[in-house]
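Student: Dropping the structure in here first, questions after.
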Amino acid sequence: MSDKVDVLEALKHSNVFLTGGAGVGKSYITNEVISDYRKRGKQVVSLGSTGVSAVNIGGFTVHSFFVFGISSNFDQLNQSDKRAKKRLSDLKKVLKATDLIIIDEISMVSTDLMDMIAYRLNNYGYLGKVLFVGDFFQLPPVQKQHDRNDVFG
């Protein structure tokens with residue numbers, strides 16, 4: 133129970149990265165945080181880096197929620213955004229009303245995708261917190277062959 137309290141306390145002031153090996157309770161703590169937020173009438177969006185992780189957390193994929201389509205970098209995103217004005221307008225409304233975004237299996241998010249997420253959050257009115265969940269020793273980022281030189285810093 134104190135791990136949940138620690139995460140909730142940290143989320144009052146900053147974004148949080150929740151990590152640990154397989155079976156240590158990341159999913160349990162994440163579900164407890166979601167439950168606590170919702171009991172207090174707060175809006176939570178649960179996202180997964182892949183379709184499987186999105187289903188497991190009961191949410192959407194990062195690509196779907198942030199209206200990335202099949203974009204994997206900013207050049208592709210700029211082209212995609214020109215065709216998605218209505219969906220992007222809807223995203224702005226959702227982000228402004230959301231208190232917490234949870235991204236599960238964060239280790240599978242490439243540096244380009246993380247930059248695109250940050251772009252959406254910073255430019256679309258998001259004022260809430262982000263809870264990143266995952267284990268960088270468990271699953272590597274999903275990347276195309278030519279992007280494999282990305283390094284997290």
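Okay, so the sequence shown: first residue is 133 according to the numbering used here, each after it adds one. Built from N, CA and C at the ideal position, the CB exists for glycine as well. Quick caveat, the model's predicted, so the values are computed rather than measured.
#1: Which partner residues of ASP236 appear in the DSSP bridge assignment?
#2: How many Å lie between ASN163 and ILE238 at the Cα?
#3: Any idea what DSSP makes of THR230, helix, strand or coil?
#4: Considering just the uninterrupted stretch of the alpha helix (DSSP H) at VAL148, what are its terminal residues?
#5: According to the Cβ coordinates, are PHE149 and PHE264 closer than 7 Å?
#6: Under a three-way DSSP split, which group does PHE192 fall into?
#7: Would HIS151 and ASP236 be called neighbours here (beta carbons separated by less than 7 Å)?
#8: Tell me the DSSP secondary structure of ASN205 in three-state form.
Tutor: This is what the structure gives:
#1: Residue pairing of ASP236 in beta bridges, as defined by DSSP: GLY180, VAL265.
#2: So the alpha carbons of these two residues sit roughly 16 Å apart.
#3: The answer is coil: DSSP assigns THR230 none of H, G, I, E or B.
#4: For VAL148, no alpha helix (DSSP H) run applies; the uninterrupted beta strand (DSSP E) run containing it begins and ends at 148-150, by DSSP.
#5: PHE149 is a Cβ neighbour of PHE264, given a cutoff of 7 Å.
#6: In the three-state scheme derived from DSSP, where H, G and I count as helix and E and B as strand, PHE192 is classed as strand.
#7: Strictly speaking, residue 151 in this sequence is Thr, with His absent from that position. No, these two residues do not count as a Cβ contact at 7 Å.
#8: Of the three classes helix, strand and coil, the one that applies to ASN205 here is coil, per DSSP.
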